[in-house]
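Take a look at the structure below.
Numbering (the working numbering), first residue to last: 1 to 225.
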């Protein structure tokens with residue numbers, strides 16, 4: 001754990017609240033680009049235009065700052081997916097399985113592959129997978145479990161004939177396809193000689209047709225039965 005020098009404590013104010021956000025934003029970029037070990041407290045405070053004691057005041061140490069950076073982004077991504085799922089289900093009887101899968105897939109992909117901040121999030125998560133510093137339970141409890149439960153309830157609401165085990169397996173298959181697509185894009189960006197992945201919308205349309213048909217197959221009413 002990196003030591004943080006002590007100076008006069010900072011008084012809480014609107015300015016210090018802004019400094020907390022600036023520290024999180026700066027740390028996210030630096031942790032993503034350089035990793036935890038190669039990012040110093042001074043790197044972060046310099047980028048955030050804060051004094052060194054501000055990290056101690058807001059987060060106690062660099063380790064806690066790293067955790068807050070990670071959890072903040074995970075919760076934002078989780079809320080994006082919640083909003084997508086709930087938006088479809090709010091349509092009541094007009095909601096359709098294809099719409100649910102497509103909307104969820106876009107909410108999964110767009111924040112990660114189509115924005116500069118999304119690329120930083122992916123870099124941060126990749127570093128955490130390769131150089132773990134956090135409990136493995138954090139991502140499961142903050143993202144995997146709640147999103148799976150929300151999506152599972154939505155699919156069951158639209159296809160009540162499908163048993164829970166098949167729904168969970170279908171969700172895992174959907175997520176696996178999305179993660180594979182993200183990885184394909186990353187590999188192609190690193191080496192343009194590799195096959196070009198399909199455009200995002202084309203990939204989503206294929207995933208929707210494939211996954212909806214697969215889920216309906218478990219109702220005894222879809223293709224393949």
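Don't be surprised by glycine CBs; every beta carbon is placed ideally from N, CA and C.
Checklist entry - Considering only the beta carbon of each residue, do residue 226 and residue 218 sit closer than 8 Å? => result This structure cannot settle anything about residue 226, because the visible part of the chain is limited to 1 through 225.
Next on the checklist: Can you find the residues in the same chain that come closer than 6 Å, C-beta to C-beta, to residue 74, ignoring five residues on each side of it along the sequence?
Outcome noted: So the qualifying residues of the chain are 142 and 143.
Item to check | Of the listed residues 72, 103 and 76, nearest to residue 86 (C-alpha basis) | outcome: Closest option to residue 86, Cα to Cα, is 103.
Item to check | Enclosing alpha helix (DSSP H) for residue 108 [first to last residue] | outcome: For residue 108, the enclosing alpha helix (DSSP H) covers residues 97 to 113.
Checklist entry - Could you give the distance in angstroms between the alpha-carbon of residue 56 and the alpha-carbon of residue 63? => result When rounded, the separation of the alpha-carbon atoms in residue 56 and residue 63 is 11 Å.
Checklist entry - What separation, rounded to the nearest whole angstrom, lies between the Cα atoms of residue 14 and residue 23? => result In this predicted model, residue 14 has a pLDDT of only 45, less than 50, meaning its place in the structure is not dependable; the value taken from the coordinates is given anyway. Between residue 14 and residue 23, the C-alpha separation is close to 14 Å.
Checklist entry - So, helix, strand or coil for residue 140, using DSSP? => result In the three-state scheme derived from DSSP, where H, G and I count as helix and E and B as strand, residue 140 is classed as helix.
Checklist entry - Tell me which same chain residues have a C-beta within less than 8 Å of the C-beta of residue 173, skipping the five on either side of it? => result For residue 173, same chain residues with a beta-carbon under 8 Å away, outside a window of 5 residues either side, are 211 and 214 in chain order.
Next on the checklist: Tell me which residues share the same chain as residue 178 and place their Cβ nearer than 7 Å to its Cβ, disregarding the 5 neighbours each side in the sequence.
Outcome noted: Here the set comprises 105, 108 and 109.
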